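Worksheet for the structure shown next.
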Amino acid sequence: DAGVTQSPTHLIKTRGQHVTLRCSPISGHKSVSWYQQVLGQGPQFIFQYYEKEERGRGNFPDRFSARQFPNYSSELNVNALLLGDSALYLCASSSDRGGGLNEKLFFGSGTQLSVL
Amino acid sequence: GESVGLHLPTLSVQEGDNSIINCAYSNSASDYFIWYKQESGKGPQFIIDIRSNMDKRQGQRVTVLLNKTVKHLSLQIAATQPGDSAVYFCAENIGGTYKYIFGTGTRLKVLA
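From first to last, the protein sequence lines stand for chains A and B.
According to my numbering, the first sequence is numbered sequentially starting from 1.
According to my numbering, the second sequence is numbered sequentially starting from 1001.
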C-alpha cells in the first residue's frame, strides 16, 4: 500500500506569490494534518482536517488555509509568501478509528518550499 | 536534499552499543507520546508510542520510558546500527486536542 504522498517535492517561489501544496493520505485514513518544519527545528502544527472539517489550527496567520476533499486528500494554501515561509511542509494522515485523539500520525516526505 | 537539524544536539555512539535519547516534554496534560526518526530528505517515520497510563513500552530493538513526575521521555535503541543514524524527535499529544508538539530533536551518529 502507498504511504502518504505529497506533491510537489520541491518548489521555488518569490515573495508575495501564493502556493498550493497537495497531499493524499494512506488509503482508509480519514484525517489529514499539516505541519511546517523549519530547518533545524521540529515540525510545528498548522492544521488538522477530518471529513472535510477543520478540527484544529495552530498558531499560523490567516495567509495559511487548507481544505479536505471527499476522497480525503487535502490542499494547503499559503498566500502572500514571505521569506520566513521557506520550510519543509509535511502532511500526515491518521486512521481516526479512536475518534481522532491519541492517533498515530504517518508522515509523507514533504514539500520543500523555498521563497526567494 | 537538505539536511534536517543542522544545529541539533548530537549523540555519537559506536556501532553495536546501546543508545539513549532523552526528551523533556512541556505539558503535564499530555497523555500520548510518539518517537519519530527522520532521515535527511524524508518525513518523520513512526518508531514507537506510549500512553500516559504506562511507564515503559518495548518494540523491536527499541524501548520507550515515560516518567510523568519529571515530564521526561527516553528512547533506548539496542545494538545501534549504521541505519539508525538520523534525527530523532519526541512528540507529545495534549489530552483532548488533535495537535502534536514536537521536541527540538537529537541527531544520532553511529560510528563504525
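Backbone N, C-alpha and C define an ideal beta-carbon position, used for all residues, glycine too.
These numbers come from a predicted model, not from an experiment.
- The beta carbon of B/Leu1011 does not come within 8 Å of any beta carbon belonging to chain A, so the residue lies off that interface.
- If you compare the alpha carbons of B/Glu1039, B/Ala1024, B/Tyr1025 with that of B/Lys1109, the shortest gap goes to B/Glu1039.
- Taken through DSSP and simplified to helix, strand or coil, A/Gly56 comes out as strand.
- According to the DSSP secondary-structure assignment, B/Lys1037 is paired through a beta bridge with B/Gln1045, B/Tyr1088.
- Contact of B/Lys1056 with chain A is not assigned, every C-beta pair being separated by 8 Å or more.
- A/Ser95 sits away from A/Gly3, with the two beta carbons spaced by 8 Å or more.
- Contact between the region 1080-1090 of chain B and the region 102-111 of chain A is not established, with fewer than three Cβ pairs separated by less than 8 Å.
- Here DSSP, grouped into helix, strand and coil, assigns A/Leu83 to helix.
- Between B/Cys1090 and the set B/Tyr1036, B/Asn1027, B/Arg1061, the nearest pair of CA atoms involves B/Tyr1036.
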